[in-house]
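Asker: Counted from 1, the sequence shown has number 310 at position 114 by our numbering; the numbering is strictly sequential.
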Amino acid sequence: MAQSLDVCLTVTLVDELVLARSAFHHSMNYRAAVLFVRAAPVHGEEKERALRAISEHLITGRWDEVRAPSPIELRQTAVAKLVVEEASAKTRRGGPIDDDEDLALAVWAGVLPCAPAWGEPQPDAQLPTGTLPSPSVIALRGS
Numbered sequence: 197m198a199q200s201l202d203v204c205l206t207v208t209l210v211d212e213l214v215l216a217r218s219a220f221h222h223s224m225n226y227r228a229a230v231l232f233v234r235a236a237p238v239h240g241e242e243k244e245r246a247l248r249a250i251s252e253h254l255i256t257g258r259w260d261e262v263r264a265p266s267p268i269e270l271r272q273t274a275v276a277k278l279v280v281e282e283a284s285a286k287t288r289r290g291g292p293i294d295d296d297e298d299l300a301l302a303v304w305a306g307v308l309p310c311a312p313a314w315g316e317p318q319p320d321a322q323l324p325t326g327t328l329p330s331p332s333v334i335a336l337r338g339s
């Protein structure tokens, strides 16, 4: 990525499965966005600040707990600045929309939430005995 290029970025978050009385009317409650962006490479200190910001956004405090990227690792990693040129969003909320004749069917219908949650930290097999999860992991896990 030596120069700028046009990119289409699509993101969808599924919040709930919507289960109807007929297979045809099953759906999802979701949030989705489509962005058309101009991606330009980022270098030097701006690149390092961007990598830190991404890391801190995912797990606050983690960047300061781990080894910083080496010069070789920085050369092997590309970072792009995205300038949004056009965007659209779409969402769906609500329950099933069954046909009137299906409403009397003895089939469960409704909304089944599906939210991501952090699980129990699983230590690496080569981790020295007694090494506990770092504060950033504990804070993220909420334990």
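All C-beta atoms in this analysis are idealised placements derived from N, C-alpha and C, irrespective of residue type, glycine included.
In this text, all values refer to a predicted model and were calculated from it rather than measured experimentally.
Which two residues bound the contiguous alpha helix (DSSP H) that contains G326?
Answerer: Translated into the one-based positions of the sequence shown, residue 326 becomes position 130. Looking at the DSSP string, G326 is not in any alpha helix (DSSP H), and its letter there is neither H nor E.
Asker: Relative to the C-alpha of K277, which candidate in E297, T325, A246, V307 has its C-alpha closest?
Answerer: Here residue 277 is taken as the residue at index 81 of the sequence shown, counted from 1. Cα-wise, what sits closest to K277 is A246.
Asker: Excluding five sequence neighbours on each side, which residues of the same chain lie with their C-beta closer than 7 Å to the C-beta of E281?
Answerer: On the sequence shown, residue 281 is found 85 positions in, with the first residue counted as 1. Excluding sequence neighbours, E281 sits near F232, V233, R234.
Asker: Work out the CA separation of P312 and E212 for me, nearest whole Å.
Answerer: Within the sequence shown, the letter at position 16 stands for residue 212. Within the sequence shown, the letter at position 116 stands for residue 312. Near 11 Å, if we compare the C-alpha coordinates of P312 and E212.
Asker: Assess, as a yes-or-no matter, whether the segment 217-224 is touched by the segment 281-300 under the definition of 3 or more beta carbon pairs within less than 8 Å.
Answerer: yes
Asker: What residue does the beta strand (DSSP E) around L141 start on, and which one ends it?
Answerer: Since the displayed the chain opens at 197 and closes at 339, residue 141 lies outside it and no answer follows.
Asker: Indicate whether W304 and R337 have their beta-carbon atoms separated by less than 9 Å.
Answerer: The residue you call residue 304 lines up with position 108 of the sequence shown. The residue you call residue 337 lines up with position 141 of the sequence shown. Cβ atoms of W304 and R337: not closer than 9 Å.
Asker: Once DSSP output is grouped into helix, strand and coil, what is the label at E244?
Answerer: Taking the sequence shown and counting its residues from 1, one reaches residue 244 at position 48. Helix at E244.
Asker: Skipping 5 residues on each side, what residues in its chain have a beta carbon closer than 6 Å to that of S218?
Answerer: Taking the sequence shown and counting its residues from 1, one reaches residue 218 at position 22. So the list reads D298, once near-sequence residues are dropped.
Asker: Taking buried to mean at least 16 other C-beta atoms within 10 Å of its own C-beta, is V262 buried or exposed?
Answerer: As a working mapping, residue 262 is identified with position 66 in the sequence shown. With fewer than 16 other Cβ atoms within 10 Å, it is exposed.
Asker: With a 10 Å radius around its C-beta and 16 neighbouring C-beta atoms as the bar for buried, classify A274 as buried or exposed.
Answerer: By 1-based counting over the sequence shown, the position of residue 274 is 78. The residue in question, A274, is exposed, as its Cβ has fewer than 16 Cβ neighbours within 10 Å.
Asker: Rounded to the nearest angstrom, how far is the Cβ of A229 from that of A285, given a contact under 8 Å?
Answerer: Against the sequence shown, residue 229 aligns to sequence position 33. Against the sequence shown, residue 285 aligns to sequence position 89. Between A285 and A229 the Cβ distance is about 5 Å, and since that is below 8 Å, they are a contact.
Asker: Any idea which residues DSSP pairs A229 with across the strands?
Answerer: Within the sequence shown, numbered from 1, the residue matching residue 229 stands at position 33. DSSP, once it has assigned bridges, lists V207, A285 as partnering A229.
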